[in-house]
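Student: In full-length UniProt numbering, the protein residues as written are 1 to 471.
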Amino acid sequence: MVVKYHPNAPVEEGTTSPKIFIGRLIHSKSLSNLEIIPKAAIGVQTNGTIAFLDPKPSTTEQLQTRYAADGFANAQIVNLKKSQFLFPGLIDTHLHAPQWPNLALGMEGTLREWCENWTDPMEASYSDTAKARRVYADVTKTTLSLGSTTVAYNSSIHADATNILADCALAAGQRAIVGKMCITVGSTQGNWEESAEVSLADSEKSVKYIRSIDPEGRLVHPCVQPRGGPYCPPELMRGLGEQCKEYGAYVQAHMCETQSDIAVADRTLELHPKYSCYSDMYLSSGLLNSRSILAHCIHLQPKDIDNMAASRAGVAHNPNSNTCLRDGECRVRDLLDRGVRVGLGTDCSAGYMPSIHDAMRSASNVSRHLALKAGEDRYVLGFSEIVCLATMGGAQVVGMEDRIGNFEKGKKFDALLIDVEGVISADASLWDDGDGDGEAMVKKWVFLGDRTSIKKVYVDGTLVAGQDASL
Numbered sequence: 001m002v003v004k005y006h007p008n009a010p011v012e013e014g015t016t017s018p019k020i021f022i023g024r025l026i027h028s029k030s031l032s033n034l035e036i037i038p039k040a041a042i043g044v045q046t047n048g049t050i051a052f053l054d055p056k057p058s059t060t061e062q063l064q065t066r067y068a069a070d071g072f073a074n075a076q077i078v079n080l081k082k083s084q085f086l087f088p089g090l091i092d093t094h095l096h097a098p099q100w101p102n103l104a105l106g107m108e109g110t111l112r113e114w115c116e117n118w119t120d121p122m123e124a125s126y127s128d129t130a131k132a133r134r135v136y137a138d139v140t141k142t143t144l145s146l147g148s149t150t151v152a153y154n155s156s157i158h159a160d161a162t163n164i165l166a167d168c169a170l171a172a173g174q175r176a177i178v179g180k181m182c183i184t185v186g187s188t189q190g191n192w193e194e195s196a197e198v199s200l201a202d203s204e205k206s207v208k209y210i211r212s213i214d215p216e217g218r219l220v221h222p223c224v225q226p227r228g229g230p231y232c233p234p235e236l237m238r239g240l241g242e243q244c245k246e247y248g249a250y251v252q253a254h255m256c257e258t259q260s261d262i263a264v265a266d267r268t269l270e271l272h273p274k275y276s277c278y279s280d281m282y283l284s285s286g287l288l289n290s291r292s293i294l295a296h297c298i299h300l301q302p303k304d305i306d307n308m309a310a311s312r313a314g315v316a317h318n319p320n321s322n323t324c325l326r327d328g329e330c331r332v333r334d335l336l337d338r339g340v341r342v343g344l345g346t347d348c349s350a351g352y353m354p355s356i357h358d359a360m361r362s363a364s365n366v367s368r369h370l371a372l373k374a375g376e377d378r379y380v381l382g383f384s385e386i387v388c389l390a391t392m393g394g395a396q397v398v399g400m401e402d403r404i405g406n407f408e409k410g411k412k413f414d415a416l417l418i419d420v421e422g423v424i425s426a427d428a429s430l431w432d433d434g435d436g437d438g439e440a441m442v443k444k445w446v447f448l449g450d451r452t453s454i455k456k457v458y459v460d461g462t463l464v465a466g467q468d469a470s471l
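Here's what the structure looks like:
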């Protein structure tokens with residue numbers, strides 16, 4: 001069955017009219033520039049596009065008159081409370097949807113132990129499409145409620161289940177990148193495919209299906225998805241590279257997650273002996289480009305960073321899962337200094353919390369531990385930087401920085417309405433004293449808030465989660 005764009009997305013009262021939101025607005029302009037506007041007006045057209053951002057609005061009537069030529073003469077007005085602010089939608093650059101039932105389980109072992117005892121048997125079970133429908137509906141609904149308006153999903157080896165994941169994201173109104181996982185060797189518990197030919201055929205099946213359900217690419221986008229070097233022999237890698245080129249698909253893959261990934265005797269280089277570093281293998285296979293999302297990238301060689309910078313590939317930094325499985329700390333500062341794009345991922349289920357809100361806190365803490373370990377304060381990520389990684393940085397990694405990531409005119413209105421009333425230690429003096437302390441408010445939310453602080457979630461201007469949304 002072909003699912004059309006936004007078939008079941010919750011509809012907010014008055015959604016057929018353009019809207020003007022009036023209140024505090026906080027968004028990232030760059031790694032060093034967190035813009036806080038105490039009272040702004042932002043106009044959203046019926047197609048979800050931001051028509052204007054007015055940092056010094058006057059009366060409602062004057063706004064409607066000023067922007068009448070843009071269709072806002074009779075716009076619906078949404079006034080924020082003093083304790084509220086608008087924040088860009090969060091972007092999760094790496095989440096394993098089939099591992100959802102394993103959240104918070106099995107993290108006591110190493111990555112290899114965790115894969116063999118938890119991940120492989122769980123992922124293998126998605127030959128059951130009824131399970132896929134049940135789990136993936138919950139994944140998309142819950143991640144939206146946690147503020148993830150865009151998610152780069154890893155799936156399983158099953159084309160039918162992968163297509164169901166794409167259906168669920170589209171029905172929920174969530175931006176998503178989805179692709180079938182490809183594995184022919186190196187896995188356990190029956191979690192592999194019988195040949196490269198079968199793997200490639202099923203990958204192409206999913207790419208074509210995802211294109212058919214959202215042909216304009218408004219929300220859901222296909223990707224090719226090699227699990228990683230130890231799992232895909234050269235012929236499979238080359239075939240996926242050809243699919244990437246033919247269909248203009250994204251690439252999602254793992255790279256340099258553990259020390260063994262760069263060891264001479266590791267299966268990555270055993271399986272691909274002609275290369276001296278991990279990224280060379282992806283590059284030679286046609287899988288390293290500006291639409292590539294590489295998860296982890298902890299134990300990089302200098303040439304890996306050179307390759308990523310030159311190809312404009314993006315990195316999904318997963319601080320929670322890297323800590324849980326004791327894989328190491330990604331040197332985010334080194335990547336940013338070289339101009340490599342970096343976003344945040346939850347890496348469910350090796351990461352126990354599928355929330356980019358939580359990932360901001362984890363990224364801050366991991367950067368401090370790295371600074372202690374390396375004896376270099378430069379590794380500490382500042383507050384404006386972690387906000388950027390969660391929003392604009394993620395948008396750059398998924399190649400949508402011209403569409404989402406902040407509230408610039410012409411972008412899509414992917415937004416969270418945050419209310420800090422009730423957050424620990426956030427009393428009314430933060431917002432009742434003159435224009436209020438916007439920086440303190442957003443810091444209270446990032447470090448002390450929880451899912452109850454996220455009152456509404458918009459994607460493409462449509463309310464998809466939160467108050468008044470019928471999920």
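Just so you know, even glycine gets a beta-carbon here, dropped at the ideal spot from N, CA and C.
Just so you know, these numbers come straight off a predicted model, no measurement behind them.
#1: Only counting the same chain, and skipping five residues up and downstream in sequence, which positions put a Cβ closer than 7 Å to that of S199?
#2: For I20 versus F72, is the C-beta distance shorter than 8 Å?
#3: For a test of the three-state rule: what should DSSP assign to P230, helix, strand or coil?
#4: The alpha helix (DSSP H) spanning K141 covers which residue range?
#5: Assuming V420 contacts S83 (C-beta within less than 8 Å), just tell me the rounded distance between them.
#6: Using three-state DSSP, classify R443 as helix, strand or coil.
#7: Would you decide whether A265 is buried or exposed? Buried here means 16 or more other CB atoms lie within 10 Å of its CB.
#8: For A316 versus G345, is the C-beta spacing smaller than 8 Å?
#9: Leaving out five residues on either side along the sequence, give the residues of the same chain with a beta carbon under 6 Å from the beta carbon of S349.
#10: Pull up the CB-CB distance for S155 and A97, whole angstroms please, since I reckon it's below 8 Å.
#11: In terms of residues, what are the limits of the beta strand (DSSP E) holding R338?
#12: Say the cut is 7 Å; is the CB of I454 nearer than that to a heavy atom of the ligand ATP?
#13: When we look at the beta-carbon of G65 and count the other beta-carbons within 10 Å, is it buried (16 or more) or exposed?
#14: With a threshold of 7 Å on Cβ separation, who are the neighbours of V3 within its own chain once the five nearest residues in sequence on each side are excluded?
#15: To the nearest angstrom, how far is the alpha carbon of K56 from that of G109?
#16: Which of the three DSSP states is assigned to K411 in this structure?
#17: Just the Cα atoms here: how many angstroms apart are V78 and K456?
#18: Would the region 371-380 and the region 355-363 be scored as touching if the rule is three or more Cβ pairs under 8 Å?
#19: If you count every other CB in all the chains shown that lies within 10 Å of the CB of G14, and 16 or more means buried, which is it?
#20: Below 8 Å between beta carbons: does that hold for D120 and T188?
#21: Are T391 and G173 closer than 8 Å when you measure CB to CB?
Tutor: The structure says:
#1: The residues are C182, T184, E193 and L236.
#2: Yes, Cβ-Cβ distance for I20 and F72 is below 8 Å.
#3: It is helical.
#4: It spans T129 to S145 - the alpha helix (DSSP H) in which K141 sits, taken as one unbroken run.
#5: Rounded, the Cβ-Cβ distance is 6 Å, consistent with contact.
#6: Residue identity differs from the one stated: residue 443 is Lys in this sequence, not Arg. Secondary structure at K443: helix, using DSSP grouped into helix, strand and coil.
#7: In this prediction, A265 has a pLDDT of 44, which is less than 50 and means its spatial position is unreliable; nothing more can be read from the coordinates.
#8: Taking 8 Å as the Cβ cut-off, A316 and G345 qualify as a contacting pair.
#9: Same-chain partners within the cutoff: Q99, N102 and L103.
#10: Right, their Cβ atoms sit about 6 Å apart.
#11: It is not in any beta strand (DSSP E) - R338 carries neither H nor E in the DSSP assignment.
#12: The ligand ATP is absent from the structure shown, which contains no ligand whatsoever.
#13: As written in the sequence, residue 65 is Thr, which differs from the Gly given in the question. Result: exposed.
#14: Low local confidence applies: a pLDDT of 35 at V3 is under 50, so the model's placement there is unreliable, and no value is given.
#15: Cα to Cα, the separation comes out at about 54 Å.
#16: Looking at K411 - three-state DSSP - the assignment turns out to be coil, as it is neither helix nor strand.
#17: Answer to the nearest angstrom: the Cα atoms are 12 Å apart.
#18: Because the criterion of three Cβ pairs below 8 Å is not met, the region 371-380 and the region 355-363 do not touch.
#19: Reliability of the predicted coordinates at G14 is poor, the pLDDT of 44 falling under 50, and the value obtained from them is presented with this limitation in mind. The residue in question, G14, is exposed, as its Cβ has fewer than 16 Cβ neighbours within 10 Å.
#20: Cβ atoms of D120 and T188: closer than 8 Å.
#21: Taking a C-beta distance under 8 Å as the contact criterion, T391 and G173 do not qualify as a contact pair.
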